[in-house]
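>
Residue numbers (this note's numbering): 1 to 221.
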């Protein structure tokens, strides 16, 4: 369990350091072009997900996301106590990852975001992003488990652009980004709604894909 928790902590740490660090770098180099900055934030995020899931998947399953952990808890593939510890590791690792990015780029260590991300469009974007992420993982688990790192990295890369919220799709990421008043930040006041939508989407995706992917040969229903 200790190795699994360390893997979840390091993985989420690295993910947030990449999301926030690349956001800072992209914004500084883009010269005010928001589309270029978003692209500069998107590519590293998708790429690091492929690396992290490949590296840590054999150890912890590479959740790095409380919504994903909730999915596997509902599927009874992880016990409640272990799931709780995973979530604690993910959230704490993510926050420290944000602090590491701030230190690297000379930003204040704790710098709460002032970027408003709220409203129906943003919430629908987060629902779509999270539902699709969980669906990608579950369908790949059945069809191509070895392809999960690439599929998740590509899905998030695409979802950065086709969702109105730029696809946080992860409560640990959402909480961590609230500590960063940078390109990737989210106003702390908007975190609860994002997290709530993400968790609802994860539950509904787990139920839907549990039905959708049933083996008809063994279950005539």
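Virtual Cβ for every residue (Gly too), placed ideally from N, Cα, C.
Fair warning: this is a prediction, and the values are worked out from it, not measured in the lab.
So residue 153 packs on residue 16, CB below 8 Å; how close in whole Å?
The Cβ separation is near 16 Å, so there is no contact.
> So, do the stretch 180-190 and the stretch 135-153 have three or more beta carbon pairs nearer to each other than 8 Å?
no
> Count the other CB atoms within 10 Å of the CB of residue 79; is the residue buried (16 or more) or exposed (fewer)?
Exposed, since its Cβ has fewer than 16 Cβ neighbours within 10 Å.
> Apart from the five residues on each side of it in sequence, which residues of its chain come closer than 7 Å, Cβ to Cβ, to residue 151?
136 and 140
> For residue 9, which residues of its own chain have a beta-carbon under 7 Å away from its beta-carbon, when the five flanking residues on both sides are left out?
Closer than 7 Å at the Cβ level, and outside the excluded window around residue 9, lie 89, 92 and 93.
> Could you check which residue in 197, 138, 196 and 175 has the C-alpha nearest to that of residue 207?
138
> Is it buried or exposed for residue 109, if we count other Cβ within 10 angstroms and need 16 for buried?
exposed
> Taking 8 Å as the threshold, find out whether the stretch 158-165 comes into contact with the stretch 124-131 through three or more Cβ pairs.
yes
> What residue from 202, 111, 69 and 194 has the CA that sits closest to residue 121's CA?
194
> In the DSSP assignment, find the unbroken alpha helix (DSSP H) run with residue 4 in it and report its ends.
It spans 2-29 - the alpha helix (DSSP H) in which residue 4 sits, taken as one unbroken run.
> Could you tell me which uninterrupted alpha helix (DSSP H) segments, each at least 4 residues in length, are contained entirely in the stretch 112-169, listed from first to last along the chain?
120-143 and 148-162
> State buried or exposed for residue 77, treating a residue as buried only when at least 16 other CB atoms are found within 10 Å of its CB.
exposed
> Among 74, 23 and 47, whose alpha-carbon lies nearest the alpha-carbon of residue 158?
47
> Taking 8 Å as the threshold, find out whether the stretch 31-47 comes into contact with the stretch 56-65 through three or more Cβ pairs.
no
> Let me know if residue 197 comes out buried or exposed under the rule of 16 or more other beta-carbons within 10 Å of its beta-carbon.
Counting every other CB atom within 10 Å of its CB across the protein chains shown gives residue 197 a total of 16 or more, marking it as buried.
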